[in-house]
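Under my numbering, the first residue of the sequence shown is numbered 966, with each subsequent residue one higher. Have a look at the structure below, then the notes.
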Amino acid sequence: MKIAVEQKRIAGQRKLRAAMKSFDYRRIDNRLERMARIVVDGVVRITDAINSMEFSRKRIKNAVRALRSKRLVSKVGRPQFVIGDKEQIVLDEIIIESRSGSCLPIRKVRELMENVINDTDDEDAPYVNVSMATAYQFVKRHPELKRSSPKNVDVNRLAVSCQSVLQPWYSLLDGLHEKNEYCKELIFNMDESSLRVPTNSKLSVVHPKNENPGFRKEPPKMANSTLVAAVAADGFALPSVILWPSKSLPDEMKPLLSQTLDIWPNGSGWMGCNQFKKYALSTLLQGIIDRRKRMSLENSRCLLLIDSHISRADPTIWREFQKENIDVITFIPYSTHIAQPLDRGVFAVLKTELQTKYEPPSSSTSSSKRTALVDVLPQAIHTALSPAVIKKPSQRVEFFITNLGRFS
């Protein structure tokens, strides 16, 4: 009995080798597909192909299954679900859906692929199920597609994120630049950013499968503080100010004081009308005047770009700027996430530095939180306000205060 089985195995291997070299199948370049085609045509048994040990059992079975369902075979044996013009159809559909504002998670991509593949006039064609792995591979092999986590966007910000809304503002800046010929050393941007460090509220606990955890994690709250900064297009940074939420300056914050950084206790930590007027006249205006004198450009006009926050609504402030030949332009409301250089560069780096370097203290007292913040804040501000960060163009929009003539 064993001799008969062995002879049958040897005969099957001999027949498989002969078929693999025959003229009828040699035209198939993929050896796995060639072997699967020999099995499907009934020349040898699938057991003979598996016993050849050239490919694994799983790859051979997948390839045979693919050919029997009238589909091509990939290099690993799995059927190519999307081939030829159908692959391009799926790609075009994904791009159209994305541009129309639809959210396409990988699950939706899988459903779209499955619908396109099974859209055929052949009523006898088997229904093809597309796996999540196939959808992942489809996205991966097309450089036009990318997977990223969606962000919550305010509807007002979404409304201004188009060229027709922003182009008039860019044209205004372009006209001012042609008229006054601002040099990049005298083009400034001023804004403020919160220094509240985000805390990770995710917590993994072990509990019975049919029960919910008996508690929820309450993330530790931190009082808000604000960094006020102003930069020039050539990479220069004016002295910055931290608005701290206390009536007096805590001892833990005093090591931060320097010539380029001051701390103003104001109770709330937020920018108000009084705090902005003080900063605008004593730090911002005076800093611009001093820089113009140092560069022997007393008669040159300056440009200041700011947002339209309610704290800027005091006209007496801007009369002082007007007397010093400083043109002040505000951004279109809700467009600073696109157009403002500080938001696109400096503050993005600052928040990244704080989030990655800040370590919550073991104690929950206010003093320990301030000490932990002081440990990382100087280096974070220094990195964010470095000339390389200030001058670095945004990856998505032109850093327009250094390219005022290019708004196409």
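A virtual CB, placed ideally from N, CA and C, is assigned to each residue, including glycine.
Could you round the C-beta distance between residue 1294 and residue 1126 to whole angstroms and report it? I think they count as a contact, below 8 Å.
-> About 20 Å separates the CB atoms of residue 1294 and residue 1126; that is not less than 8 Å, and the two are not in contact.
Starting from residue 1071, follow the alpha helix (DSSP H) in both directions and report where the run begins and ends.
-> 1071 to 1082
Please state whether DSSP places residue 1283 in a helix, a strand or coil.
-> helix
For residue 1006, is the classification buried or exposed, using 16 other Cβ atoms within 10 angstroms of its Cβ as the cut-off for buried?
-> exposed
Can you give me the Cβ contacts of residue 1167 inside the same chain, cut-off strictly under 7 Å, excluding the 5 residues immediately before and after it?
-> Bear in mind that the predicted position of residue 1167 carries a pLDDT of just 47, short of 50, making it too unreliable to give a figure here.
Reduced DSSP category for residue 985 - H, G, I as helix; E, B as strand; rest coil | helix
Take the Cβ of residue 982 as the centre, count every other Cβ of all protein chains shown within 10 Å, and call the residue buried at 16 or more, exposed below.
-> Exposed, since its Cβ has fewer than 16 Cβ neighbours within 10 Å.
Output the distance between the C-alpha atoms of residue 1252 and residue 1123, rounded to the nearest integer angstrom.
-> 35 Å
Cβ shell of residue 1232 (< 8 Å), same chain only, five flanking positions each side left out | 1210, 1211, 1212
Range covered by the alpha helix (DSSP H) that runs through residue 1000 | 996 to 1005
Once you ignore the five residues that flank residue 1110 on each side, which residues in its own chain have a CB closer than 6 Å to its CB?
-> 1104
From the DSSP output, which residues share a beta bridge with residue 1207?
-> Residue 1207 is bridged to 1192, 1228.
Three-way DSSP call (helix, strand, coil) for residue 1238 in this model | helix
Does the Cβ-Cβ distance between residue 998 and residue 1038 come in under 8 Å?
-> yes
Would you list the one or two residues that DSSP bridges to residue 1154?
-> In the DSSP output, where bridge partners are listed per residue, residue 1154 has 1196, 1270.
Just the Cα atoms here: how many angstroms apart are residue 1107 and residue 1097?
-> For residue 1107 and residue 1097, the distance between alpha carbons rounds to 16 Å.
Would you decide whether residue 988 is buried or exposed? Buried here means 16 or more other CB atoms lie within 10 Å of its CB.
-> exposed
Roughly how far, in whole angstroms, is the beta-carbon of residue 1215 from the beta-carbon of residue 1072, given that I think they are within contact range, below 8 Å?
-> That belief does not hold up - the Cβ atoms of residue 1215 and residue 1072 are roughly 50 Å apart, past 8 Å.
Since residue 1151 contacts residue 1267 with CB under 8 Å, what's their CB separation in whole angstroms?
-> With a contact defined as Cβ atoms closer than 8 Å, residue 1151 and residue 1267 qualify at about 4 Å.
How long is the line joining the alpha carbons of residue 1363 and residue 1313, rounded to whole angstroms?
-> Interpretation of residue 1363 is limited by its pLDDT of 38, a score under 50 that renders its predicted location unreliable; the figure taken from the coordinates is listed afterwards. Between residue 1363 and residue 1313, the C-alpha separation is close to 16 Å.
Alpha helix (DSSP H) runs contained entirely in the region 1081 to 1136, provided each spans 4 or more residues | 1097 to 1105, 1120 to 1125
Return the chain-ordered list of same chain residues with a C-beta closer than 7 Å to the C-beta of residue 1063, the five sequence neighbours on each side being excluded.
-> 1069
Whose C-alpha, out of 1339, 1242, 1217, 1207, is nearest the C-alpha of residue 1225?
-> Proximity to residue 1225 across 1339, 1242, 1217, 1207 peaks at 1207, based on C-alpha coordinates.
Output the distance between the C-alpha atoms of residue 1008 and residue 990, rounded to the nearest integer angstrom.
-> The alpha-carbon of residue 1008 is positioned some 11 Å away from that of residue 990.
Is the beta carbon of residue 1119 less than 8 Å from the beta carbon of residue 1271?
-> no
Minimum C-alpha distance to residue 1146 - residue among 1077, 1031, 1262, 1241 = 1262
Rounded to a whole number of angstroms, what is the C-alpha to C-alpha distance between residue 1289 and residue 1200?
-> 22 Å
Residues near residue 1011 in its chain [Cβ-Cβ closer than 8 Å; skip 5 each side] | 1004, 1025, 1026, 1029
Thinking C-beta only, is residue 1273 closer than 8 Å to residue 1241?
-> no
Which residues DSSP lists as bridging residue 1292, in chain order = 1268
Write down the C-beta distance between residue 1218 and residue 1339 rounded to the nearest angstrom, noting that I regard them as a contact closer than 8 Å.
-> Indeed they touch by this definition, with Cβ atoms about 6 Å apart.
Compute the Euclidean distance between the alpha carbons of residue 1091 and residue 1081, then round it to the nearest angstrom.
-> The alpha-carbon of residue 1091 is positioned some 14 Å away from that of residue 1081.
Alpha-carbon spacing of residue 953 relative to residue 1058, whole angstroms = With the chain represented from 966 up to 1373, any question about residue 953 goes unanswered, as that position is not in the structure.
According to the neighbour-count rule (16 or more other Cβ atoms, all chains shown, within 10 Å of its Cβ), is residue 1100 buried or exposed?
-> buried
Nearest-angstrom beta carbon gap, residue 1191 and residue 1159 [assumed within contact, 8 Å] = 6 Å
In terms of alpha-carbon separation, which member of 1131, 1316, 1020 lies closest to residue 1301?
-> 1131
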